[in-house]
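S.K.: Sharing a structure below in structure tokens format, with a few things to ask.
Protein chains: 2
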Amino acid sequence: MLETRAATTADAALITAHRRAMFAAMGRTQDSILDAMSRNFEPWAARMIAQGKYAGWITLDDGRAVASAGLLVLDWPPHPLDPDCEHRGYLLNVFTDPEHRRRGLARVLVDICLAEAHRRGIRVVTLHTSDAGRQLYEGFGFRSTSEMLFVEPVEG
Amino acid sequence: MLETRAATTADAALITAHRRAMFAAMGRTQDSILDAMSRNFEPWAARMIAQGKYAGWITLDDGRAVASAGLLVLDWPPHPLDPDCEHRGYLLNVFTDPEHRRRGLARVLVDICLAEAHRRGIRVVTLHTSDAGRQLYEGFGFRSTSEMLFVEPVEG
């Protein structure tokens, strides 16, 4: 039986494991980096959930967690797209266990996250997609942006 | 004489005027939206500057403000690109008065913003570019991302 419930601080380890698996599936496979990320992400997630800034959902199949997703509330400057709002939603950690894919679990989770953004009065939601996820998000009305990213080179 | 100085809370109105002019130059010309954004952005900017989360710089030409830019410090989940960091920098409000363009003022401001990110231990900086700005940012090493954005439709 499928069931979706809200995440609590007790789910920080599970969410972290899903985040790690998500990045590994996208080709970020260097263990030392994933270890560092996981070590730092888990307490961060617990804190953000406790502060109400990270709203997460977990999909259970006969009690076993098989998918999850989160909506992070970012402080954001009032912008023409939503001029009365000081926040933007950020959809992250959308993950489904490989053996439970193609059942529409991610779609349900994204729908819940967008409803949560609506409930909080947040009209703009962003995410970073993998190639595999693009079509799903386009179906919800997500469109590509002009975002650019800079990473400071490691000295060496 | 050209001079660049750090912004203070007293510059919130100037930064807001530059932000408005920047969006107008990018084709967002609906006054009611720009009015609402400006009304909300100005106190937001003053608060963020006071909290040390918005680091702004103003370029003066013989004492007159002719360009400005800002670096906003976002709370961000630890990520493989910078696994020990809970922040990401966001470069915004990069604006030069039309009659002072093509003098390299934006380049100097972006350089200062990236140095500020480095000083704060932030290795990843993002922005949203206009078509006109893309080449400048590419020169600094910024690359396009897979970001997607959803805006809740206005009921009608």
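The listed protein sequences derive, respectively, from chains A and B. Every letter in the first sequence is one number past the one before it in our numbering, and letter 53, counting from 1, is 51. Every letter in the second sequence is one number past the one before it in our numbering, and letter 121, counting from 1, is 119. Note that the Cβ used here is the ideal one computed from N, Cα and C, for glycine as well. Since the model is a prediction, treat every value here as computed from it, not as a measurement.
#1: Please check if any C-beta of chain A sits within less than 9 Å of the C-beta of Q28/B.
#2: DSSP on R45/A, reduced to helix/strand/coil?
#3: Please report how far the alpha carbon of V123/B lies from the alpha carbon of Y88/B, in whole angstroms.
#4: Please tell me whether L134/A and V108/A are closer than 9 Å, where the distance is taken between their beta carbons.
#5: Report back the beta-carbon spacing between S66/A and I110/A to the nearest angstrom; my notes put them in contact at under 8 Å.
#6: Beta carbons nearer than 7 Å to chain A: which residues of the segment 124 to 144 of chain B have them?
#7: Is there at least one Cβ from chain A nearer than 9 Å to W42/B's Cβ?
#8: For chain A, check one thing: does any of its Cβ atoms lie closer than 9 Å to the Cβ of D82/B?
#9: Applying a beta-carbon distance threshold of less than 7 Å, which residues of chain A neighbour E150/B?
#10: At a CB-CB cut-off below 8 Å, which residues of chain A make contact with L90/B?
#11: Just reading off the alpha helix (DSSP H) that H116/B is part of, what are its end residues?
#12: Residues of chain B with CB closer than 7 Å to the CB of M35/A, please, in chain order.
#13: On the DSSP bridge assignment, give the partners of T27/A in chain order.
#14: Are three or more beta carbon pairs between the segment 139 to 146 of chain A and the segment 142 to 149 of chain B nearer than 8 Å?
#15: Could you give the DSSP three-state label for A10/B: helix, strand or coil?
#16: Counting contacts by CB-CB distance shorter than 9 Å, is L32/B in contact with chain A?
#17: Taking only runs that begin and end inside the segment 56 to 89 of chain A, name each unbroken beta strand (DSSP E) of 3 or more residues, in chain order.
#18: Skipping 5 residues on each side, what residues in its chain have a beta carbon closer than 7 Å to that of Y52/B?
#19: Would you say L70/B faces chain A, with C-beta separation under 9 Å as the test?
#20: Do A8/B and G54/B have their CB atoms nearer than 9 Å?
#21: Chain A partners of F39/B, CB-CB under 7 Å?
#22: Compute the distance between the beta-carbons of P76/A and N91/B, then report whether it is under 9 Å.
#23: Residues bridged to L126/B by DSSP?
#24: Comparing C-alpha positions only, which one of D80/A, M(-1)/A, Q49/A, A15/A sits nearest to E150/B?
#25: Give the interface partners of F21/A over in chain B, defined as CB-CB distance under 7 Å, in chain order.
M.R.: To lay it out plainly:
#1: One-based indexing of the second sequence puts residue 28/B at position 30. Chain A, which has a Cβ nearer than 9 Å to the Cβ of Q28/B, makes this yes.
#2: Numbered from its first residue, the first sequence carries residue 45/A at position 47. Three-state result, R45/A: helix.
#3: Locating residue 123/B in the second sequence gives position 125, counting from the first residue. Locating residue 88/B in the second sequence gives position 90, counting from the first residue. Straight-line Cα distance between these residues: approximately 5 Å.
#4: Within the first sequence, residue 134/A is the residue found at index 136, counting from 1. Within the first sequence, residue 108/A is the residue found at index 110, counting from 1. Cβ distance < 9 Å, so L134/A and V108/A count as in contact.
#5: To locate residue 66/A, count along the first sequence from 1; it is residue 68. To locate residue 110/A, count along the first sequence from 1; it is residue 112. Contact flag wrong, Cβ pair sits at about 11 Å.
#6: T124, L125, H126, T127, Y135, F138, G139, F140, R141, S142, T143, S144
#7: Translated into the one-based positions of the second sequence, residue 42/B becomes position 44. Interface residue, yes.
#8: What you label residue 82/B is simply residue 84 of the second sequence in a count that begins at 1. By this cut-off, D82/B is an interface position.
#9: Here the question's residue 150/B lines up with position 152 in the second sequence. Those are H116, R121, listed as they occur along chain A.
#10: Position 92 of the second sequence holds residue 90/B. Within 8 Å Cβ-Cβ: P75.
#11: Working through the second sequence from its first residue, we reach residue 116/B at position 118. 103 to 117 is the extent of the alpha helix (DSSP H) around H116/B.
#12: Residue 35/A sits at position 37 when you count from the first residue of the first sequence. By Cβ distance, chain B contributes P76, H77, P78, P81.
#13: By one-based count along the first sequence, residue 27/A stands at place 29. Beta-bridge pairing links T27/A to no other residue.
#14: yes
#15: Position 12 of the second sequence, counted from the start, is the residue given in the question as residue 10/B. If DSSP states are grouped into helix, strand and coil, A10/B belongs with the helices.
#16: In the second sequence, the residue the question calls residue 32/B occupies position 34. Closer than 9 Å to some Cβ of chain A, the Cβ of L32/B qualifies, so yes.
#17: 62 to 73
#18: The count along the second sequence starts at 1 and reaches residue 52/B at position 54. Cβ within range, chain order: A43, M46, G68, L70.
#19: Mapped onto the second sequence, residue 70/B falls at position 72. For L70/B, the answer is yes, since a Cβ of chain A falls inside 9 Å of its Cβ.
#20: Here residue 8/B refers to the residue found at position 10 of the second sequence. Here residue 54/B refers to the residue found at position 56 of the second sequence. No; because the gap between Cβ atoms is not below 9 Å, this pair is not in contact.
#21: Residue numbering aside, residue 39/B sits at position 41 when the second sequence is read from its first letter. Within 7 Å Cβ-Cβ: P75, P76.
#22: For the purposes of this step, residue 76/A is identified with residue 78 of the first sequence, where counting begins at 1. For the purposes of this step, residue 91/B is identified with residue 93 of the second sequence, where counting begins at 1. Contact flag unset, no.
#23: Here residue 126/B refers to the residue found at position 128 when the second sequence is read from its first residue. Note that residue 126/B is His in the sequence shown, not Leu. In DSSP, H126/B forms a bridge with E145/A.
#24: Your numbering for residue 150/B matches position 152 in the second sequence. Of the listed residues, the one whose Cα sits closest to E150/B is D80/A.
#25: The count along the first sequence starts at 1 and reaches residue 21/A at position 23. Here the neighbours are P78.
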